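Peer 1: Following this message is one structure expressed as structure tokens.
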Amino acid sequence: MELRDAIVIGAGPAGLTAGANLARFGLKTTILEEKVAGGYAAEIPLLENYPGCVGGRTGKDIVDKMVQQCADAGTEIRQLEKVVGLIFGTQAHTVTSEKAVYAAPAILLASGRHIRTLGVPGEREFHGKGVSYCAVCDGFFFRDKDVFVVGNDSRAAEVALFLARSASRVKLVCQKERLCAEKILIDGCENQNIEILANMELVEIKGDAKVRSVVLADMVTRASREIDADGVFVQLEGVPNSDLARASGVKVDGDGYIIIDSKARTNIARVYAAGDVTVSPAKLIVSAVAQAIGAALDIVEHVHRAA
């Protein structure tokens, strides 16, 4: 068993922020990440609502700097290491991954969210053949093509604007009466001739060897129409990665988001949560960072008090 002062689960902005700050206070800290550092944030094509972030920065730009901060502070980041078990104790908590077992007096859950799929005919068949969930990864392949973005918020608008740099035409399909995005992004979409199709639902993706068209349905009348398309970028609100925490006794709300207090504490002593996996009014990097710092400071106080 490997002993630590703190274990952070997830290497997105929240986990990286907490990890760097914990190490700066002298705590032996390890971040466990199922995939690679960065999380959902690394796929943000244009990041303009983070303080000091100007000049067309991407989510990956910010995340890379956070990873460097962790390295400078002495935080250990173990990537491609999935956590499979959590046992909460009175003195220490046990974290079991696919590679090792750890014990620490405090744990921060920063596991983020995963992509929500459309669940429509053709989506699975054409994944990688015109259907994508990452504009930063795949946008290059749709230069001078007609693409659709499916989403209801600022993230969808950011992706649409990013794709408009090279795509021939971009249409944004919004299932709500209006796009719930920042005005500056909505104005940007209008200036780039991005057509926002509100109150519409994408119900089918068609093609042969690749995507050729999509079927849209009016959310009110259910009248449908088929439109030519070369690509579909799905940008629906993510699903919280909280199953393991919930199964271990951490309280979540009806949507699976972890419930925390003002110091990012959960219902279990010395178990914290921060970032997109938590109940919060805004799923923003700046919000995740604020929660993570609050959690880190409380963890530091506890560990130093117990020493």
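Per my numbering, residue 57 is the first one in the sequence shown, and the count goes up by one each step. No residue lacks a Cβ here, since even glycine has one placed at the ideal position from N, Cα and C. Quick caveat: nothing in here was measured; it's all calculated off a predicted structure.
What first and last residue would you give for the beta strand (DSSP E) that runs through K227?
Peer 2: R225 to V229 is the span of the beta strand (DSSP E), which, as asked, contains K227.
Peer 1: On a CA-only basis, which of T334, A76, K232 and P101 is nearest E214? Give me that one, please.
Peer 2: Closest by alpha carbon: P101.
Peer 1: What residue range does the beta strand (DSSP E) around L300 cover?
Peer 2: Element bounds for L300: not the beta strand (DSSP E) but the alpha helix (DSSP H), D299 to A303.
Peer 1: If distances are taken between C-alpha atoms only, which option among T86, T73 and I143 comes closest to A97?
Peer 2: If we check each option's Cα against that of A97, T73 comes out closest.
Peer 1: Does the stretch 283-290 come into contact with the stretch 147-163, if we say contact requires no fewer than three beta-carbon pairs (one atom in each stretch) closer than 8 Å?
Peer 2: With a cut-off of 8 Å, the stretch 147-163 and the stretch 283-290 do not count as touching, because too few Cβ pairs lie within range.
Peer 1: Using C-beta distances below 8 Å, list every residue in its chain close to Q135, excluding the 5 sequence neighbours before and after it, in chain order.
Peer 2: Around Q135: A67, E89, K91, V92 and A93.
Peer 1: Relative to the alpha-carbon of L142, which residue among V327, L235 and C236 has its alpha-carbon at the smallest distance?
Peer 2: For L142, the nearest C-alpha among the options comes from V327.
Peer 1: Taking just the CA atoms, how far does A212 sit from K262?
Peer 2: Going from the Cα of K262 to the Cα of A212 covers about 22 Å.
Peer 1: Grab the span of the alpha helix (DSSP H) containing D274 for me, first residue to last.
Peer 2: Not the alpha helix (DSSP H): D274 falls in the beta strand (DSSP E), residues V267 to D274.
Peer 1: Expressed to the nearest angstrom, what Euclidean distance is found between the alpha-carbon atoms of L353 and Y189?
Peer 2: Taking the straight line joining both Cα atoms gives about 35 Å.
Peer 1: Among I171, D61 and A301, which residue has its Cα nearest to the Cα of A148?
Peer 2: Among I171, D61 and A301, the Cα nearest to that of A148 is on D61.
Peer 1: Please name the residue, chosen from T334, D194 and I63, that lies closest to T150 on a Cα-to-Cα basis.
Peer 2: The shortest Cα separation from T150 among T334, D194 and I63 belongs to I63.
Peer 1: Of all Cβ atoms in chain C, is any one closer than 8 Å to the Cβ of P177?
Peer 2: In the structure shown, chain C does not exist; there is a single protein chain.
Peer 1: First and last residue of the beta strand (DSSP E) that includes F289?
Peer 2: G287 to V290 is the span of the beta strand (DSSP E), which, as asked, contains F289.
Peer 1: Would the stretch 251-259 and the stretch 221-232 be scored as touching if the rule is three or more Cβ pairs under 8 Å?
Peer 2: Yes: at least three Cβ pairs fall under 8 Å.
Peer 1: Report the three-state DSSP secondary structure of Y96 (helix, strand or coil).
Peer 2: It is helical.
Peer 1: Is the number of C-beta pairs between the stretch 263-271 and the stretch 233-243 that are closer than 8 Å three or more?
Peer 2: At 8 Å Cβ cutoff, the stretches do not touch.
Peer 1: Compare the C-alpha of I171 against each of S304, A338 and N297 and name the closest.
Peer 2: Selected option, being the one with the closest Cα: N297.
Peer 1: Please list the terminal residues of the continuous beta strand (DSSP E) segment that includes R134.
Peer 2: It spans E132 to R134 - the beta strand (DSSP E) in which R134 sits, taken as one unbroken run.
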